[in-house]
Amino acid sequence: MRRTLLLCLTLTATSVGWAQDDWTVEDFMAETGVREGPVPSRELPGWRPDPTIMLRTDPADVASLAREFPDTRFVVDGAEEADVIVGSCNADTIRGAGNLVWVQIFSSGAERCLTVEEIRSGKVLLTNMQKMSSPAIGEHAVAMALSLARGLVRYAKVMPEGEWRREMTRDPDMFSVSGKTLLVVGLGGIGTAAAKRANALGMRVIATRNSSREGPAFVDYVGLSDELPDLMGKADIIVNALPLTSSTTGLFDKALFARAKPGAYFINVGRGGTVRTDALVEALESGKLAGAGLDVTDPEPLPSDHPLWQMPNVMITPHVSWAGADRRLHNMLLRENIRRYLAGDALLNVVDPERGY
0 MRRTLLLCLT LTATSVGWAQ DDWTVEDFMA ETGVREGPVP SRELPGWRPD
50 PTIMLRTDPA DVASLAREFP DTRFVVDGAE EADVIVGSCN ADTIRGAGNL
100 VWVQIFSSGA ERCLTVEEIR SGKVLLTNMQ KMSSPAIGEH AVAMALSLAR
150 GLVRYAKVMP EGEWRREMTR DPDMFSVSGK TLLVVGLGGI GTAAAKRANA
200 LGMRVIATRN SSREGPAFVD YVGLSDELPD LMGKADIIVN ALPLTSSTTG
250 LFDKALFARA KPGAYFINVG RGGTVRTDAL VEALESGKLA GAGLDVTDPE
300 PLPSDHPLWQ MPNVMITPHV SWAGADRRLH NMLLRENIRR YLAGDALLNV
350 VDPERGY
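Encoded structure:
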């Protein structure tokens, strides 16, 4: 039986394995919240039980995958024959793969892939790694919130002066997060992870989501996306975890920031393009927002002379909130999706081109 898959990634030998030794696939799905797509692989146009597989990785990884899929023939050349590409949505590669059925990417955001016509049209199925890095990104969001609320950002920025600045404890922007309200904008995998951790710190959590009002027990209220302007005024800390889609581009503009509670903090671990940067700067300079924590910006990278860098109440990390995530989760999803594809079953984390995630 001949099966071809293009793996455009580099796995280390130590990264191979399950997230937990005793986890079943059901445990994995329940813990991460990943869902099956609506269509079994066998019903996808062009699917066949003996696809061609091309693998680009270290010999140890080839051996590991060969042990997991002993009936699969791996080759190292022949991208134009690939039925599946893992780790890349390069337009030229996709257009050159005449048999392509499925693309698996290693990021959560799919906006770049959706610019490729074959994916945008639905001709080629796209799956992503949504929710695999959510725990790490959720921690990053809460770490930023704590750093701002406890004045750590301001203190860190005056450390080079070597001055003992105890008077900053009287800063009205410094507070305990316990009992405060955190608004999660986009209650998906990342938003849910941030909400869970904020709740554990004693915060009241409210949220918005596009699909429904359903949410976990640790979220006090879930509103639909059109309720966002009203909810902005109820939050001491706002966490933006939205993907970048046609409906979220530039969503956080001057009008929306004007609805924020005076002195609120704004955290962005979603996508930079969901925020009008000029409006954010204005809200910070006017004091409408007490500060901001930004892992993503628009543009990226943020120019070195941009005023956000020098603001005493702003912390910036260069789109690295995913760092330190348990890569075993990514590998478990990859291997489960490969198994499902070969069996003709529905894949996990299927991206809806119309919704953009």
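Residues 0 to 356 (numbering that gives the first Met the number 0) are what the sequence shown spells out, left to right. Every residue, glycine too, gets a C-beta built ideally from N, C-alpha and C.
Worksheet item: Among the residues of its own chain, which have a CB less than 7 Å from the CB of G188, if the five just before and after it don't count?
Response: G32, Q129, K130 and S133
Practice prompt. Just the C-alpha distance for L151 and V319, rounded to the nearest angstrom, thanks.
Written response: 19 Å
Worksheet item: How is the alpha helix (DSSP H) around F256 delimited, first residue to last?
Response: K253 to A257
Discussion item. Measuring only the C-alpha atoms, how far is G249 from G271?
Written reply: 9 Å
Worksheet item: Given 8 Å as the limit, is there contact between the stretch 215–235 and the stretch 257–265, that is, 3 or more CB pairs closer than that?
Response: yes
Discussion item. On the DSSP bridge list, what partners appear for N267?
Written reply: N239 and L293
Practice prompt. Check Q129 in the structure and name its three-state DSSP category.
Written response: coil
Item to complete: Enumerate in chain order the residues of its own chain whose CB-to-CB distance from I93 is below 8 Å, with the five nearest sequence positions on each side excluded.
Response: Result list for I93: I84, L99, V102, V115, E117, I118 and V123, in chain order.
Worksheet item: Assuming M202 and L181 make a contact with CB atoms under 8 Å, what is their CB distance in whole Å?
Response: Indeed, because the Cβ distance is near 5 Å, the residues count as touching under 8 Å.
Worksheet item: Is it true that the CB of Y356 sits closer than 8 Å to the CB of T244?
Response: yes
Fill in: Span of the alpha helix (DSSP H), counted from its first residue to its last, around V280
T276 to S285
Discussion item. Relative to the C-alpha of D294, which candidate in M314, S285 and R275 has its C-alpha closest?
Written reply: Nearest in C-alpha terms to D294, of all of M314, S285 and R275, is M314.
Worksheet item: Apart from the five residues just before and just after E353, which ones in its own chain have a Cβ nearer than 6 Å to its Cβ?
Response: none
Practice prompt. Provide the residue span of the alpha helix (DSSP H) that contains M158, from first to last.
Written response: Segment: none, M158 is in no alpha helix (DSSP H) and carries neither H nor E.
Worksheet entry | Assigned exposure category for E166 - 16 Cβ within 10 Å defines buried | exposed
Worksheet entry | Outcome for L223 when other beta-carbon atoms lying within 10 angstroms are tallied against a minimum of 16 | Its Cβ having fewer than 16 others within 10 Å, L223 is exposed.
Item to complete: Provide the residue span of the alpha helix (DSSP H) that contains A192, from first to last.
Response: G188 to A199
Practice prompt. Return the chain-ordered ranges of every alpha helix (DSSP H) run that is complete within the stretch 95–124 and spans a minimum of 4 residues.
Written response: With a minimum length of 4 residues, the continuous alpha helix (DSSP H) runs that stay inside the stretch 95–124 are 116–119.
Worksheet item: Would DSSP call G137 helix, strand or coil?
Response: helix
Worksheet item: If we ignore side chains and look at the alpha-carbon of each, how far apart do D351 and S107 end up?
Response: 13 Å
Discussion item. Assuming P228 is part of the alpha helix (DSSP H), what are its boundary residues?
Written reply: L227 to M231
Practice prompt. Report, in whole angstroms, the separation of the C-beta atoms of T276 and T247, which I expect to be a contact under 8 Å.
Written response: Not a contact, Cβ separation roughly 15 Å.
Worksheet item: Going by C-alpha distance, which of L347, H139 and L332 is nearest R196?
Response: H139
Worksheet item: Whose C-alpha, out of P44, S285 and G36, is nearest the C-alpha of A345?
Response: G36
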